[in-house]
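Enquirer:
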Amino acid sequence: MSAENGATALVSEAAVATDRPERYGSQLVRHFANRVETHWADGRGEVRFSASFAGRAELRCAPGVLHIRVSAPDGESLRRVREVVADHLVRFGQRDRLVVTWT
Numbered sequence: 001m002s003a004e005n006g007a008t009a010l011v012s013e014a015a016v017a018t019d020r021p022e023r024y025g026s027q028l029v030r031h032f033a034n035r036v037e038t039h040w041a042d043g044r045g046e047v048r049f050s051a052s053f054a055g056r057a058e059l060r061c062a063p064g065v066l067h068i069r070v071s072a073p074d075g076e077s078l079r080r081v082r083e084v085v086a087d088h089l090v091r092f093g094q095r096d097r098l099v100v101t102w103t
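As numbered in UniProt numbering, residues 1 to 103 make up the sequence shown, in order.
(1) Check whether the Cβ atoms of residue 18 and residue 98 sit closer than 7 Å, and answer yes or no.
(2) Straight-line CA distance for residue 59 to residue 68?
(3) Examine the Cβ distances between the stretch 33 to 41 and the stretch 79 to 93 and report whether three or more of them are shorter than 8 Å.
(4) Just to check my reading of the structure: residue 11 and residue 71 have Cβ atoms closer than 8 Å, yes? What is that Cβ distance to the nearest angstrom?
(5) For residue 94, tell me which candidate among 8, 24, 13 has the shortest Cα-Cα distance.
(6) In whole angstroms, give me the CA-to-CA distance for residue 16 and residue 29.
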């Protein structure tokens, strides 16, 4: 757990191996941009979910890896954020066989 905006948040992380972290990170953020608050710049991004569940995904590119950190106020919201982020990323990276494993 960590503190986020003064509230306790549950956190999960993944390191997704890919030769194209910038491509997949920016694609994921762009995909959600019409529905929720997002930001992408300089190999870093954020998606703030707010529709049917609360949570946030932070993305950071490094050589050969896309780091993802998701957080949410409760277990069910964290499960949904992880599911939505992983499902979309795996679908976008189907050709490269991306694998998202949460810790």
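Glycine residues also receive a C-beta, built at the ideal position from the N, C-alpha and C atoms. Please read these numbers as outputs of a predicted model, since none were measured by experiment.
Expert: Per the coordinate set shown:
(1) Here residue 18 corresponds to residue number 18 of the sequence shown, with the count starting at 1. Here residue 98 corresponds to residue number 98 of the sequence shown, with the count starting at 1. A contact, by the Cβ cut-off of 7 Å.
(2) As a first step, residue 59 must be located in the sequence shown, where it is residue number 59. As a first step, residue 68 must be located in the sequence shown, where it is residue number 68. Whole-angstrom Cα-Cα distance: 5 Å.
(3) no
(4) In the sequence shown, residue 11 corresponds to position 11, counting from 1. In the sequence shown, residue 71 corresponds to position 71, counting from 1. The pair is a contact, with the Cβ atoms about 5 Å apart (cut-off 8 Å).
(5) Here residue 94 refers to the residue found at position 94 when the sequence shown is read from its first residue. Here the closest residue by C-alpha is 24.
(6) Mapped onto the sequence shown, residue 16 falls at position 16. Mapped onto the sequence shown, residue 29 falls at position 29. Approximately 15 Å between the Cα atoms of the pair.
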